[in-house]
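*Asks:*
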Amino acid sequence: MSATETLTVTLPDGKALELPAGATGADAAAAIGPGLARAALAVEVGNGAIEGRGEGEGVREVRDLARPLPDGARIGILTSRSEGSEPLALIRHDTAHVLAAAVMELYPGVKISIGPAIENGFYYDFEFPPDVSVTEADFPKIEERMRAHVKAAETFVREDISAAEARARFVEERQDYKVELIDDLVVAAREGGGAPLETVSLYTNGPFTDLCRGPHAPSTKTIGAFKLQSVAGAYWRGDSARQMLTRIYGTAFFTKAELEEHLERLEQARARDHRKLGRELELFQFSDLSPGAPFWKPAGMAVWNALTELWREQNRVRGYREVKTPILYDVELFKQSGHWDTYRENMYFTEVEERPMGLKPMNCPAHIQIYKDRRHSHRDLPVRYSEAGLVHRHEPSGVLHGLLRVRHITQDDAHIFCTEEQVQEEVVQCLRFGFYIYELFGFEPRLELSTRPEKRIGSEAMWDRAEGALEGALRAEGLDYELNPGDGAFYGPKIDLHMKDSIGRSWQLGTVQLDYSMPERFELAYTGADNAEHRPVMIHRALLGSFERFIGILIEHYAGELPLWLAPLQAIVLPVSERFSEYGATVCETLRGHGLRVELDDRGESIGRKIRDAELRKAPYMLVVGEREAGDGTVSVRRRGAGDNGGTVTLDEIAERLLADAVRRSA
RNA sequence: GCCGACGUAGCUCAGCUGGUAGAGCACUUCACUCGUAAUGAAGGGGUCCCCGGUUCGAGUCCGGGCGUCGGCUCCA
61 MSATETLTVT
71 LPDGKALELP
81 AGATGADAAA
91 AIGPGLARAA
101 LAVEVGNGAI
111 EGRGEGEGVR
121 EVRDLARPLP
131 DGARIGILTS
141 RSEGSEPLAL
151 IRHDTAHVLA
161 AAVMELYPGV
171 KISIGPAIEN
181 GFYYDFEFPP
191 DVSVTEADFP
201 KIEERMRAHV
211 KAAETFVRED
221 ISAAEARARF
231 VEERQDYKVE
241 LIDDLVVAAR
251 EGGGAPLETV
261 SLYTNGPFTD
271 LCRGPHAPST
281 KTIGAFKLQS
291 VAGAYWRGDS
301 ARQMLTRIYG
311 TAFFTKAELE
321 EHLERLEQAR
331 ARDHRKLGRE
341 LELFQFSDLS
351 PGAPFWKPAG
361 MAVWNALTEL
371 WREQNRVRGY
381 REVKTPILYD
391 VELFKQSGHW
401 DTYRENMYFT
411 EVEERPMGLK
421 PMNCPAHIQI
431 YKDRRHSHRD
441 LPVRYSEAGL
451 VHRHEPSGVL
461 HGLLRVRHIT
471 QDDAHIFCTE
481 EQVQEEVVQC
491 LRFGFYIYEL
501 FGFEPRLELS
511 TRPEKRIGSE
521 AMWDRAEGAL
531 EGALRAEGLD
541 YELNPGDGAF
551 YGPKIDLHMK
561 DSIGRSWQLG
571 TVQLDYSMPE
581 RFELAYTGAD
591 NAEHRPVMIH
601 RALLGSFERF
611 IGILIEHYAG
621 ELPLWLAPLQ
631 AIVLPVSERF
641 SEYGATVCET
651 LRGHGLRVEL
661 DDRGESIGRK
671 IRDAELRKAP
681 YMLVVGEREA
691 GDGTVSVRRR
701 GAGDNGGTVT
711 LDEIAERLLA
721 DAVRRSA
């Protein structure tokens, strides 16, 4: 055979496979084996680089099995058992098309927009006719229709047609969103400076055709199990000025068992929802009378105070001095700080004796007042003020979410006023402080460096120095970080600290921001060694983010089972009957005398009942006392969730153990 | 703020097409005095989110408001 009649591809194991010219991914799979041919979903194509490195490495694309393979490509056949998220993403995207197909059939006149796979499933956005509203109650009907498409094992057929032809087709079908997408593709190709857009791809399964880049599995039959999950509003193209579409969320898996396992996980995540646990454990409550503002109950306050102790202790150790500043100010302050111009919409205002006043949305202008109350020498710097600062922000009603998004926010705030030379070292110390705290909870930090945005103040030289200082700090600590070019604040670059919790969710907690704007606006100064006035740099720093949010995250991270040092109820004394209440009271008082949070359950209930209730309250230690213990001054120890295997120890021993645990702050 | 759903006892929820409310848990009382995840019995408890409308009659239907939930946008 001559070269033009064959093509060669390289398989993942490095072996070359020779195929007839024009062979497809499906042909390759068939050439490898009939089992693979049946299991194949798509083909991964990487160009060049037969040896697996060099040119082309990293350029890879997942393609339909039916597309011809390029000569010399490295390929891998994708099946449901392939590693990574791609196989699932593929069938989820397939399922999105099936959803759209079903919806088109059930709701004539519906306009379709886009339907991608997302992290745990997929969605499709629709514009329903004005008189139609779709709710979760309609899901069974839609799912039934979808099942028919899956059962029919419809082939996904790709056609590449000219943009003009596709446009005409969607104009004809009155699919305005598809027309807009095509127009934008054409414009993007033109503005990208490359070749003009020649064709767009359409995918058809059964009666349904969609504008789609692909890829898709060969047919709908690989969708093993799917479920529609929720319906929500979503702006067309994520733009709040544009049409609100109806988004239907769903998920899909290769097998029913996997789907059920996933739904089970969702159920478990709901069980650790901090709003549910907050109510059950009586940590906090919300009231219609003050939306977005938690009421801390005694148990929640115990957690708050334990966290505050950590915060206060560590700030002191690290050279911060705690301050406390008002929450209500003459609006002049916010005009000077700039918040009036940029943030007024989200602030709370009132009038006191005809004087317009506002609640602070940030603590920095307040700390600046303290800094300005005296003159500073370069010898004084850095000046570090910390405050559990209460700020109010009028968050839009739709975004409030338990403790995680509130209007009444207690930030673990700090501001450092320092010289430019000190910036890097101060940032290093902030990062170390953050890591110290996160490690206590087993959070794994991830860092992001955000640099100069388009709209900014200050000279290029200033930004060079500021970004250099942050980068220098990250490098000096040997830390990995992600770069977010252009994502900094207008007044300076920042490092954000993100964490992953026990179930893999990511949260942004801390932030370290350089600020060259506030010192300017408030004309901050220090006297240098040269006896001249200089501007200090200001570092804004929060590590927990806010006490409210951090506690919310902790509750979910620990599923309510807080470590002893944070637990509102550290131990509960359980007399086996009321006859031993007196001894129980002695035990309880002794432990309380050591500063531990202990209660006595002297209700006339059975010991089984008391243990059950104590477990539900998630007390780390249950101390059972009865005739034996009262006789020899001991307690029978039961650990939360561990059953009766803690042994029997003397009162002194248990006190010592609990105290050591609390002081160590062990997780 | 936007879209949608929801709002019934402290909690979780039931209440069909309009006829003045119900369960379990929790709570109270009594009995039991118990050894490692629910002892039994009796009892109390409701402006059915708020305002207005339709109706002989509204928890139920309609309109408005507030709040919550799921998303979207936002988080300087």
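Here the first sequence is numbered in this note's numbering, starting from 61 and rising by one per residue. From the three backbone atoms N, C-alpha and C, an ideal C-beta is built for every residue, glycine too. Computed from a predicted model, the values in this text were never measured in an experiment.
ILE667 by DSSP, collapsed to three states: which one?
*Replies:* helix
*Asks:* For the putative contact between LEU125 and ALA89, defined by C-beta atoms under 8 Å, what is the C-beta separation to the nearest angstrom?
*Replies:* 7 Å
*Asks:* Applying the criterion that 16 or more other CB atoms from any shown protein chain within 10 Å of the CB defines a buried residue, is PRO545 buried or exposed?
*Replies:* exposed
*Asks:* Of the choices LEU626, GLN573, MET578 and ARG465, whose alpha-carbon is the least far from that of LEU500?
*Replies:* LEU626
*Asks:* For the segment 679–698 and the segment 628–645, state whether three or more C-beta atom pairs, one from each stretch, are separated by less than 8 Å.
*Replies:* yes
*Asks:* Since PHE51 and LEU569 are thought to touch, with beta carbons under 8 Å apart, how far apart are those beta carbons, to the nearest angstrom?
*Replies:* For the chain, the structure presents residues 61 to 727; residue 51 sits outside this window and is missing.
*Asks:* Relative to the C-alpha of PHE230, which residue among GLU204, VAL260 and ALA255 is closest?
*Replies:* VAL260
*Asks:* In the DSSP assignment, find the unbroken beta strand (DSSP E) run with PHE409 in it and report its ends.
*Replies:* It spans 409–412 - the beta strand (DSSP E) in which PHE409 sits, taken as one unbroken run.
*Asks:* Would you check if there are 3 or more beta carbon pairs closer than 8 Å linking the segment 690–703 to the segment 657–667?
*Replies:* no
*Asks:* CB GLU508 to CB ASP556, shorter than 8 Å?
*Replies:* Yes, the pair counts as a contact, with Cβ atoms nearer than the cut-off.
*Asks:* Which residues mark the beginning and the end of the beta strand (DSSP E) in which THR710 is found?
*Replies:* 708–710
*Asks:* For MET206, count neighbouring Cβ atoms within 10 angstroms of its own Cβ and tell me buried if that reaches 16, exposed if not.
*Replies:* buried
*Asks:* Is DSSP giving MET361 helix, strand or coil here?
*Replies:* Reduced to three states, the DSSP call for MET361 is helix.
*Asks:* Let me check understanding here. Comparing Cα to Cα, which of GLU481, ALA592 and ASP473 lies closest to THR571?
*Replies:* The residue with the shortest Cα to Cα distance from THR571 is ASP473.
*Asks:* With H, G and I counted as helix, E and B as strand and the rest as coil, what does DSSP make of TYR681?
*Replies:* strand
*Asks:* Kindly identify the DSSP beta-bridge partner or partners of LYS560.
*Replies:* Bridge partners of LYS560 according to DSSP: GLU504 and SER566.
*Asks:* For LEU719, tell me which candidate among LEU651, GLU320 and ASP220 has the shortest Cα-Cα distance.
*Replies:* With distances taken between Cα atoms, LEU719 lies closest to LEU651.
*Asks:* What residues in its chain sit with their C-beta under 6 Å from that of LYS395, if we drop five residues either side in the sequence?
*Replies:* Cβ within range, chain order: n/a, list empty.
*Asks:* To the nearest angstrom, how far is it from the Cα of ILE151 to the Cα of GLU504?
*Replies:* 32 Å
*Asks:* Quick one: is ILE740 buried, meaning 16 or more other Cβ sit within 10 Å of its Cβ, or exposed?
*Replies:* Given a span of 61 to 727 for the chain in the structure shown, any question on residue 740 remains unanswerable.
*Asks:* Pull up the distance between the alpha-carbon of GLU638 and that of LEU683, whole angstroms please.
*Replies:* 15 Å
*Asks:* May I ask you to verify whether the segment 443–451 touches the segment 339–346, counting CB pairs closer than 8 Å and requiring at least 3?
*Replies:* no
*Asks:* Cα-Cα, which of GLN573, ASN375, PRO176 and GLY588 is closest to SER437?
*Replies:* The shortest Cα separation from SER437 among GLN573, ASN375, PRO176 and GLY588 belongs to GLY588.
*Asks:* Taking only runs that begin and end inside the segment 420–501, name each unbroken alpha helix (DSSP H) of 4 or more residues, in chain order.
*Replies:* Taking only runs of at least 4 residues, the alpha helix (DSSP H) segments lying wholly in the segment 420–501 are 424–432 and 483–501.
*Asks:* Quick one: what does DSSP say GLU537 is sitting in, helix, strand or coil?
*Replies:* DSSP, reduced to helix, strand and coil, places GLU537 outside both helices and strands of the structure shown, so it counts as coil.
*Asks:* Where do the N-terminal and C-terminal ends of the beta strand (DSSP E) with THR259 fall, by residue?
*Replies:* Per DSSP, THR259 belongs to the beta strand (DSSP E) from 259–265.
*Asks:* Specify whether the segment 317–327 and the segment 185–203 touch according to this definition: at least 3 beta carbon pairs, one from each stretch, less than 8 Å apart.
*Replies:* No: fewer than three Cβ pairs fall under 8 Å.
*Asks:* Go ahead and label PHE640 buried or exposed: buried means 16 or more other beta carbons lie within 10 angstroms of its beta carbon, across all protein chains shown.
*Replies:* Classification of PHE640: buried, given that the 10 Å Cβ count is 16 or more.
*Asks:* Of all the options LEU71, GLU675 and HIS600, which has the alpha carbon lying nearest to the alpha carbon of ALA91?
*Replies:* LEU71
*Asks:* Do the segment 213–222 and the segment 246–265 make contact, defined as three or more Cβ pairs closer than 8 Å?
*Replies:* yes
*Asks:* What's the C-alpha gap between ASP575 and GLU527?
*Replies:* Taking the straight line joining both Cα atoms gives about 11 Å.
*Asks:* Distance, Cα to Cα, SER173 vs ARG120?
*Replies:* 27 Å
*Asks:* Let me confirm a value: GLY703 is counted as buried when at least 16 other C-beta atoms fall within 10 Å, else exposed. Which label applies?
*Replies:* exposed
*Asks:* Does DSSP classify GLU514 as helix, strand or coil?
*Replies:* coil
*Asks:* Where do the ends of the beta strand (DSSP E) carrying TYR184 lie?
*Replies:* Start and end: 181–187.
*Asks:* Following the continuous beta strand (DSSP E) through ALA592, name the residue where it begins and the one where it ends.
*Replies:* Careful: ALA592 lies outside any beta strand (DSSP E) and carries neither H nor E.
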